[in-house]
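**Student:**
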Amino acid sequence: MTAAPGVTAGFAQEIAAVVEQLRHITVQVRTRRAATGAGILWNTGEPEGSGLVITNAHVVPGNQATIELGDGSVARARVVARDPKRDLAALEVELEPARTTAAAVVRDSPLHVGELVIAIGHPGGFVGAATLGIVHADESARDGRTPRWVRADVRLAPGFSGGPLADAAGRLVGVNTMIQGSLALAVPAAAVAAWVRRPRALVAS
Amino acid sequence: MSTVLQSLSTELADAVESAGRAVVAIHARRRIPASGVHWRAGVVVATHHTINRDDNITVTLPDGTTAPATLAGRDPSTDLAVLKLAAQNLSTATLRSDTPPTVGELVIALGRPGPSVTASWGVVSRVDGPWRTWHGAEIDSLLRLDVAIYDGFSGGPLIDAAGRVLGINTSALARGVPVTIPVATVERVVTELLERGSIRRAYLGIGTQPVRVPASLARKVELKSDVALLIVSLESGGPADRDGLLLGDVLLELDGTPVSDPTDVLAQLGGDRVGRPIAARVIRGGQVKTLQVTPGERPTSRAA
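Keeping their order, the protein sequence lines are chains G and Y.
Take 1 as the starting number for the first sequence in the numbering used here and just add one per residue.
Take 206 as the starting number for the second sequence in the numbering used here and just add one per residue.
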């Protein structure tokens, strides 16, 4: 049962590469007082216009926030939509046009229980921390409706809220939102995409 | 592209998918159901502590249908229970009994606390030799996990990265810490429960506590160990009482084997001891005496 040499080393390198890629779409969200959580760069607004950051509603209690991108640049952001029930918030952010930052790529194929997932967040002010886990349960199995949560066996801490949960290829599968015992609950990326697409959603509340 | 990472991810999902086809949900308590494994054709293994009733048990199969199940027997000492199921097209678990798990091995705990399968992963954190549960059952090897547990996971299988079953998980044998009952123990218990409906264990009807034997006395009676067991309780009319053991006797040996811990007594009380006299060497009033005691068959869920 001996594995081919270098499998573990290859695994380590690849995981580091996916984490690096994910750090580029993960932002820090700060309100007046302190860093409150993470956010996902949903689109960069290229070639023109404002970028959009998705995070949890509980991460931005007010209407203003400061966003720090993965490369260290800081921008002001304004809440343009909020859904406390889904715990989602959308922030419009003015990005410098020269910056070609990558935006999140949403996975559209269904998730399978047992597949690998990676979460990025900023626990305890530690920026860009990553944890690895697996999909715990597949809720879409139930009568074809959009599942409320992606449940993952991945260890999160406060500071991961609003950040990305991604698959082994770095595609977004959810927005990390809650910790339930030893499990992580994330809003499914497909539900976020549908929410962002709804014209009504993007009205400031 | 990241090939190793994605292959691993796919293989883990495949292992969950294939092993999950033999994992069922057991409805035999209030609130959330627990898990069970279709171990042999028509035979489901579950955990004793998650089956709160003997009748009216139903099982949710991987295809979402529900089927009635009957309790074939339970063994509180290993926390295992066996159910019989008139299953038609249900796959049986693939068991890994040739190579034992190793410390650090990647494992997945599967469950079905509802219609769909759930998984958490981690590594085997400890592998050790045989151990005895506090009810006295011998488990062939100790398997401890670094795996997050969740409601309803008891009764589910621990699988390896290839989807083969390494044992049944339970949180009831080590104060809520998850342990895995290895395949060999499950096989043994399943066979006996199917034959007899219970696990036969001998018992004496005594409660004991370790005590130090005074050095002078230990020298006088040539003891190997200076710790023995003081009999602190005696079941009235039980086997030990009937055969003349008294409260305050200090038990030195059973069948020639020194006893210095209550588990040493349990170790002498396997099912084959029922009805066969064994020699008990005791200190009574400063004198060493040997008595013949005949263990009875232990009523369900009673200690030594």
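Heads up, the beta-carbon is just placed ideally off N, CA and C, and yes, glycines get one too.
Are the C-beta atoms of residue 160 of chain G and some chain Y residue less than 9 angstroms apart?
**Tutor:** So, not an interface residue.
**Student:** Give the residues of chain B in contact with residue 11 of chain G, contact being defined as C-beta atoms less than 8 angstroms apart.
**Tutor:** In summary, chain B is missing from the structure at hand, where the protein chains are G and Y.
**Student:** On the DSSP bridge list, what partners appear for residue 85 of chain G?
**Tutor:** Beta-bridge pairing links residue 85 of chain G to no other residue.
**Student:** How about residue 55 of chain G and residue 120 of chain G: do their beta carbons lie closer than 9 angstroms?
**Tutor:** Contact flag unset, no.
**Student:** At a Cβ threshold of 9 angstroms, is residue 255 of chain Y touching chain G?
**Tutor:** Cβ-Cβ to chain G under 9 angstroms: no for residue 255 of chain Y.
**Student:** Under 9 angstroms between C-beta atoms, does residue 459 of chain Y make it to chain G?
**Tutor:** No, because no Cβ of chain G sits closer than 9 angstroms to the Cβ of residue 459 of chain Y.
**Student:** Helix, strand or coil: how does DSSP classify residue 336 of chain Y here?
**Tutor:** Residue state, collapsed to three classes: strand.
**Student:** Thinking just about the alpha-carbon of each residue, which of Y:499, Y:483, Y:439, Y:431 is nearest to the one in residue 466 of chain Y?
**Tutor:** The shortest Cα separation from residue 466 of chain Y among Y:499, Y:483, Y:439, Y:431 belongs to Y:431.
**Student:** May I ask which residues mark the beginning and end of the beta strand (DSSP E) holding residue 55 of chain G?
**Tutor:** Start and end: 51-55.
**Student:** Count the other CB atoms, across all protein chains shown, that sit within 10 Å of the CB of residue 271 of chain Y; report buried if there are 16 or more and exposed otherwise.
**Tutor:** Classification of residue 271 of chain Y: exposed, given that the 10 Å Cβ count is below 16.
**Student:** Let me know the secondary structure DSSP gives residue 381 of chain Y once reduced to three states.
**Tutor:** The answer is coil: DSSP assigns residue 381 of chain Y none of H, G, I, E or B.
**Student:** If you draw a straight line from the alpha carbon of residue 148 of chain G to that of residue 131 of chain G, how long is it in whole angstroms?
**Tutor:** Each residue's Cα considered, the two are about 22 angstroms apart.
**Student:** Mapping the DSSP letters down to three states, classify residue 421 of chain Y as helix, strand or coil.
**Tutor:** Three-state DSSP puts residue 421 of chain Y in a helix.
**Student:** Can you list, in chain order, the residues of its chain whose CB lies under 8 angstroms from that of residue 195 of chain Y, leaving out five sequence neighbours each side?
**Tutor:** Any property of residue 195 of chain Y remains undetermined from this structure, which presents chain Y solely from 206 to 509.
**Student:** So, with DSSP's three-state summary, where would you put residue 438 of chain Y?
**Tutor:** The answer is strand: DSSP assigns residue 438 of chain Y an E or B state.
**Student:** Given a limit of 8 angstroms on CB to CB distance, which residues of the stretch 103-136 of chain G reach chain Y?
**Tutor:** Answer set for the stretch 103-136 of chain G: 112, 113, 114, 115, 116, 133, 134, 135, 136.
**Student:** Is any beta-carbon of chain Y found at less than 9 angstroms from that of residue 39 of chain G?
**Tutor:** Answer no: the Cβ-Cβ gap between residue 39 of chain G and chain Y never drops below 9 angstroms.
**Student:** Are there 16 or more other CB atoms within 10 angstroms of the CB of residue 203 of chain G, so buried, or fewer, so exposed?
**Tutor:** Annotation note: pLDDT 46 at residue 203 of chain G (below 50); position unreliable, no value reported.
**Student:** So that I know if they touch, is there some Cβ in chain G lying closer than 9 angstroms to that of residue 378 of chain Y?
**Tutor:** Not an interface residue.
**Student:** Report yes or no: do the stretch 477-484 of chain Y and the stretch 438-447 of chain Y share at least 3 C-beta pairs separated by less than 8 angstroms?
**Tutor:** Output reads no: the stretch 438-447 of chain Y does not touch the stretch 477-484 of chain Y.
**Student:** Short check: CB of residue 383 of chain Y to CB of residue 364 of chain Y, under 9 angstroms?
**Tutor:** Not in contact: residue 383 of chain Y and residue 364 of chain Y (Cβ atoms no closer than 9 angstroms).
**Student:** Which of helix, strand or coil does DSSP assign to residue 273 of chain Y?
**Tutor:** In this structure, residue 273 of chain Y counts as strand in the three-state DSSP scheme.
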